[in-house]
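Taking it in order: structure first as structure tokens, then the write-up.
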Amino acid sequence: MKLAILGSGVPTSSSKKCNSGYLLEVGKIKILIDLGNGVFKNLQKVINPIEVQGLFVSHFLHQDHINDLPPFLSYKGLMTKRAKFRKNAKKPVTIFAGKSFKQSFNLWSQLFPVLFTRVQDLNLIKIKELNPKQIVRLPSLKITCAQMKHTVPCLGYRFEHKGKSIVYSGDAEYSKELVQLAKNTDILLADCTKPEAFTGHMGAKECGQVAREANVKTLVLTHLGMESEQNPKMLKQIAGKYFKGKIIIAKDLMKLNI
Ligand SMILES: [Zn+2]
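As structure tokens, this is what we get:
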């Protein structure tokens, strides 16, 4: 599996960081995980966006995880007009998200009627709402969902392929559910918005605790707000008190292979 970090920041991060977004590649399968502000542009630096087959959304009530859906869909719609790209661009993308996503999606379609009518007329997307304990099976990929502890409903995801796995916390406080989801995983992408925990988010300590309790191989601290971004050594030191494995501070366009 190949993972590209497309956005490791939050709305207050520097211009070096886009909001939440990741690209997972397993052979020819290309899956986006969240699609926050700026992520679409970084996606274009890595692959042609029409190659994306699926999007897993952690939570859609916080815009920093979903804001680039309109430009992504706009690109896909416009590319269907170009003969060179038409065949691939016309393949639908499946959006996987929690309950009530369709309702949110319908509200967006009212805001941008030209775009969303085109997308719907061309059948460019499918939507699947997920239960917190659902398991999704795609060719050569198993995805397990879990409810995270956040200020709004949020799903964490575990992506598995041939004995390797990547877990994404979305936005999350420490919870037994996250430890369970991350059990023995190769990579944990963990919400470390600020160095210290606050409502709805872990700090470096909690990220380290989850990584230790779950026996994670590599802990990636991501979703880095201003203070976290400015103090990467401190984050590593704090997390390192609780977790003795490998710790990486996420950067946009960083690539990880497992
Ligand atoms: Zn959030």
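For the sequence shown, the positions run 31 to 288 when the working numbering is used.
Ideal placement from N, C-alpha and C gives every residue a C-beta, glycine not left out.
The structure displayed is predicted, hence computed values, not measured ones.
To the nearest angstrom, report how far apart residue i and residue j are at their CA atoms.
i           : j           : result
residue 99  : residue 65  : 6 angstroms
residue 46  : residue 52  : 16 angstroms
residue 208 : residue 113 : 45 angstroms
residue 157 : residue 145 : 17 angstroms
residue 60  : residue 229 : 33 angstroms
residue 176 : residue 109 : 35 angstroms
residue 159 : residue 165 : 12 angstroms
residue 54  : residue 111 : 27 angstroms
residue 203 : residue 69  : 24 angstroms
residue 75  : residue 36  : 9 angstroms
residue 263 : residue 187 : 27 angstroms
residue 78  : residue 67  : 18 angstroms
residue 273 : residue 73  : 31 angstroms
residue 276 : residue 247 : 7 angstroms
Relative to the C-alpha of residue i, which candidate in the options has its C-alpha closest?
i           : options            : result
residue 184 : 217, 283, 59, 205  : 205
residue 40  : 33, 32, 92         : 92
residue 172 : 179, 181, 152, 193 : 193
residue 118 : 175, 153, 267, 258 : 153
residue 268 : 249, 285, 283      : 249
residue 56  : 83, 43, 103        : 83
residue 143 : 162, 86, 103, 116  : 103
residue 122 : 107, 133, 88, 288  : 107
residue 90  : 133, 105, 124      : 133
What three-state label does DSSP hand residue i in the structure shown?
i           : result
residue 270 : helix
residue 247 : coil
residue 112 : coil
residue 198 : strand
residue 215 : coil
residue 160 : strand
residue 241 : helix
residue 123 : strand
residue 229 : coil
residue 147 : helix
residue 131 : helix
residue 234 : helix
> Can we say the segment 230-241 touches the segment 209-219, given the rule of at least three CB pairs closer than 8 angstroms?
Replying inline: With the cut-off at 8 angstroms, the segment 230-241 and the segment 209-219 touch.
>> Assess contact between the segment 248-255 and the segment 220-229, defined as three or more Cβ pairs (one per stretch) separated by less than 8 angstroms. Is contact present?
In response: yes
> What runs of the alpha helix (DSSP H), each 4 residues or longer, lie entirely inside the segment 78-113?
Replying inline: 99-109
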